[in-house]
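To start, the structure under review is shown below, and the notes come after it.
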Amino acid sequence: MEAWLEVESHHFFPSAQTVVYELLIKPLFGAAPDTAEADKKAAELDKLLDVYEAHLAAGNKYLAGDVFTLADANHMSWLFLLTKSPKAELVASRPHVKAWWEEISARPAWAKTVACIPLPPGV
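Residue numbers 1 to 123, in UniProt numbering, belong to the letters of the sequence shown in order.
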């Protein structure tokens, strides 16, 4: 689990945060996105999510095996926003990553959390 927490912290989060900020958040406030930076970070995520896809395809239901852990939970907020962004295909195009996201985001506690997030129309 610790290895996946490190991957999330040092690789997934920085890239996902930039993509979401540039393509989803900035436009909500009327600011122009830096699409070059978003594309650069999306390319990094593309490679990284290939690693996730291979790991999950090898029979792992969750990142740390058969049990939902903090490693999965730490990805949820940025995966949620990423799937609402113009780069949602980064998740949708990978069947095992998509299935993992659908599994973890179907948790009742996550549904309660998302219900509290005021999303603007169209997001």
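We treat Cβ as the ideally placed atom computed from N, Cα and C, and that holds for glycine.
Check	Outcome
Boundaries of the alpha helix (DSSP H) in which Leu24 is found, first to last residue	Run containing Leu24: none; DSSP gives neither H nor E here.
Beta carbon of Ala42 nearer than 7 Å to that of Lys112	no
CA-to-CA distance, Leu81 to Glu37, given in whole angstroms	17 Å
Residue interval of the alpha helix (DSSP H) (run including Met1)	Segment: none, Met1 is in no alpha helix (DSSP H) and carries neither H nor E.
Tyr62 - partner residues in DSSP beta bridges	Gly65
Three-state class that DSSP yields for Val91 in the structure shown	helix
For Phe29, the three-state DSSP class (helix, strand or coil)	coil
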